[in-house]
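Residue numbers (this note's numbering): 144 to 416.
Presented below is the structure to which this report refers.
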């Protein structure tokens, strides 16, 4: 058992469906092979969604693999209208238990038999490299999310792979000719805004096909969770408070700084706020 699984509670479940209509603009369907996520990111909007289904769920420690999802997916794709399928809208499809259950890989293999569907996925894990060949075969677009580099980010992403490892995997996939994107999200006060130039330089070196940027949004329980995680860092708590009191102004300033830095690097940023 790796360190990222110490203390984890893994409870397999049988899902009732695999393919859900997505509410995210530009994405037709979502597939999430797991309930919960062992990365335990304290800002994640999916935490409250998972607790609604499993009231005793501890975000970052409990995970429920949907062990029949690939079989359901095969059946549901046969009658679905073609469109874009994204894996990982409310979980990380390559979180640590994927090494054991391989549900994401099985879903990708199912999708390879339904060529009318485009495929994209979002992850924080270099484990995605395991499936390079099947991703290439279905021309999937692979994205990596990150908010910053270095140890400071681990306060809010306690079990996620380091940002540096994500960028290395992103660079590998880009060099292999896959369509890729970097997703700088969420933009974290006191972290992302302090690393704008170095972060964007590192992203540019990974050569993604595109770069998206999104804001921190306070879904139910997120602000409380972040404050708890940052309780030992008064400066970051102050920065979080400043953002909470003036989100529009803060985002305007950080967007201007990111646009200026990106221009010097030849990067085009797509802002989702």
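In this text, a Cβ means the ideal position worked out from N, Cα and C, and glycines have one as well.
Since the model is a prediction, treat every value here as computed from it, not as a measurement.
Closest residue to residue i among the options (Cα-Cα distance)
| i | options | result |
| --- | --- | --- |
| residue 371 | 154, 184, 177 and 409 | 184 |
| residue 225 | 171, 387 and 239 | 171 |
| residue 421 | 229, 379, 377 and 319 | As displayed, the chain neither begins before 144 nor continues past 416, which places residue 421 out of reach and without an answer. |
| residue 320 | 294, 285, 341 and 337 | 285 |
| residue 402 | 336, 248 and 257 | 336 |
| residue 346 | 289, 197, 211 and 166 | 289 |
| residue 223 | 194, 150, 163 and 159 | 163 |
| residue 280 | 294, 251, 304 and 341 | 251 |
| residue 159 | 165, 149, 151 and 177 | 177 |
| residue 152 | 197, 368, 311 and 328 | 197 |
| residue 194 | 166, 148, 221 and 363 | 363 |
| residue 354 | 375, 369 and 324 | 324 |
| residue 210 | 369, 379 and 247 | 247 |
CB of residue i within 7 Å of CB of residue j, strictly
| i | j | result |
| --- | --- | --- |
| residue 352 | residue 322 | yes |
| residue 309 | residue 326 | no |
| residue 175 | residue 268 | no |
| residue 239 | residue 298 | no |
| residue 186 | residue 365 | yes |
| residue 208 | residue 244 | yes |
| residue 179 | residue 206 | yes |
| residue 161 | residue 219 | yes |
| residue 254 | residue 262 | yes |
| residue 301 | residue 266 | no |
| residue 339 | residue 391 | no |
| residue 408 | residue 343 | yes |
| residue 213 | residue 154 | no |
| residue 350 | residue 385 | no |
Three-way DSSP call (helix, strand, coil) for residue i in this model
| i | result |
| --- | --- |
| residue 240 | coil |
| residue 172 | strand |
| residue 301 | coil |
| residue 407 | helix |
| residue 282 | coil |
| residue 178 | strand |
| residue 263 | strand |
| residue 288 | strand |
| residue 144 | Residue confidence is low: residue 144 scores 49 on pLDDT, short of 50, so the model does not pin down where it sits. Its coordinate-derived value is still stated next. Residue state, collapsed to three classes: coil. |
| residue 268 | coil |
| residue 277 | helix |
| residue 149 | coil |
| residue 316 | helix |
| residue 154 | coil |
| residue 310 | helix |
| residue 254 | helix |
| residue 412 | strand |
Short CB-CB distance (under 7 Å) between residue i and chain C
| i | result |
| --- | --- |
| residue 341 | Although the question refers to chain C, the structure presented lacks it and comprises just one protein chain. |
Check: residue i C-beta below 6 Å from any heavy atom of the ligand GTP
| i | result |
| --- | --- |
| residue 190 | Within the structure as shown, the ligand GTP is missing, as the structure has no ligands at all. |
Three-pair Cβ contact test at 8 Å for the stretch 275 to 287 versus the stretch 199 to 217:
no
Stretch-stretch touch, CB-based, cutoff 8 Å, three pairs: the stretch 330 to 340 with the stretch 381 to 397:
yes
Do the stretch 407 to 414 and the stretch 359 to 366 touch if we need at least three Cβ pairs shorter than 8 Å?
no
Could I get the ranges of all uninterrupted beta strand (DSSP E) runs contained in the stretch 318 to 369, with 3 residues as the minimum, in chain order?
322 to 330 and 353 to 358
Would you call the stretch 241 to 260 and the stretch 187 to 196 touching, i.e. three or more CB-CB distances under 8 Å?
no
What alpha helix (DSSP H) runs, 4 residues minimum, are completely inside the stretch 184 to 249?
189 to 196, 212 to 220 and 241 to 244
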